[in-house]
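To start, the structure itself, in structure tokens.
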Amino acid sequence: MKVVILAGGLGSRLSEETIAKPKPMVEIGGKPMLWHIMNIYAAHGAQEFIVALGYRAEVVKEYFLNFYAINNDISVDLAQGTTTVHHGKQPHWKVHLVDTGLHTQTGGRLGRLQSWLGDDETFMMTYGDGLADVDITGLLRFHRQHGKLATVTTVRPPARFGGIVFAGDQVSEFTEKPQVGEGWINGGFFVLDRAVLDYLEGDATIWERAPLERLAADGQLMAHRHEGFWQPMDTLRERHLLEDLWASGRAPWKIWS
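Our numbering puts the last residue of the sequence shown at 279; the count rises by one with no breaks.
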């Protein structure tokens with residue numbers, strides 16, 4: 023199953039780190055945020071990723087073009103002009119790096135990936151700036167059991183994210199970024215059927231607004247409640263928090279060996 027990762031935003035609230043690179047390439051423990059997210063999915067068997075690029079797309083492309091050299095020991099023979107990469111244990115990933123436009127909104131980026139999704143009826147999607155110990159296998163099983171078009175992983179952090187109202191496990195109302203109150207909010211880590219693409223209208227479509235609101239109104243959006251760790255990286259303080267967790271050897275999202 024393919025995994026879509028939205029990695030094209032400007033990351034303006036983390037400007038100290040994102041002047042020269044997109045937010046998913048900001049490093050935690052010497053590895054890009056994007057690498058951490060992909061490993062979360064890979065730990066549950068995912069091996070094919072579609073990365074929706076925008077701001078500083080070339081930085082992401084350069085990283086993956088040089089992935090083996092960056093992540094292995096290398097020998098450079100300056101006299102002969104040759105380079106040898108000493109292969110180590112590397113992931114069996116297929117990574118599609120797709121430029122979806124500099125100013126395209128989240129829903130628009132997903133819409134531009136339609137041809138890259140192939141004939142797959144179901145795919146997964148998340149943002150390139152959030153880490154969690156989500157049970158991806160359980161999430162996918164939940165989606166297949168309820169039979170609706172979309173599943174959103176819901177979490178309980180600060181109230182500046184999208185608010186969700188339930189009717190059982192069904193999402194009855196989706197409101198992006200309420201000004202007050204706390205509760206279950208959009209944590210990313212979606213499972214989606216291809217039919218959700220019909221809810222997208224163009225590059226200006228914001229996934230968290232009209233598409234999710236309409237899916238909820240149509241009774242097609244279900245919530246997978248995640249009680250465990252979830253942490254976005256929107257600010258320098260949050261980046262330091264993630265860095266400290268990784269350095270401690272107790273990073274909750276490191277579910278791979």
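Where a beta carbon is used, it is the ideal one built from N, C-alpha and C, also for glycine.
The model shown is predicted, which means the values in this text are computed figures rather than measured ones.
Cβ-heavy atom distance, residue i to the ligand GDP, below 7 Å
i	result
W275	Absent from the structure shown: the ligand GDP. Ligands present: none.
Contact check, residue i vs residue j, beta carbons under 8 Å
i	j	result
M23	T175	no
V82	L119	yes
F212	T148	yes
N88	H109	no
I59	I27	yes
F251	D155	yes
M244	D157	no
A172	V218	yes
W268	I92	no
W206	R247	yes
M55	M255	yes
Environment of residue i [buried if 16+ CB atoms lie within 10 Å]
i	result
G76	buried
V98	exposed
Q136	exposed
E223	exposed
A29	buried
P282	A query on residue 282 cannot be resolved here, the shown segment of the chain reaching from 23 to 279 and no further.
R163	exposed
Q127	buried
D151	buried
Q253	buried
Coarse secondary structure for residue i, derived from DSSP in three states
i	result
L219	helix
A154	strand
V48	coil
I286	Residue coverage of the chain in this structure runs from 23 to 279, which leaves residue 286 outside it and unanswerable.
L124	coil
S137	helix
T176	strand
G76	strand
G203	Any reading at G203 is ruled out, since the residue's pLDDT is 48, under 50, leaving its predicted position unreliable.
R247	strand
A64	helix
L32	coil
P5	In the structure displayed, the chain extends from 23 to 279; residue 5 sits before or after that span and is not available.
A181	Below a pLDDT of 50, predicted positions are generally treated as unreliable, and A181, at 47, falls in that range; no measurement from the model is reported.
Those residues which DSSP pairs with residue i across a bridge
i	result
M147	V26 and F212
W252	A154
K116	E70
A189	Q192
Interface flag, residue i vs chain B, CB-CB below 8 Å
i	result
K43	In the structure shown, chain B does not exist; there is a single protein chain.
Give, in chain order, every unbroken run of the beta strand (DSSP E) that is at least 3 residues long and sits entirely within the region 87-114. 95-99 and 104-108
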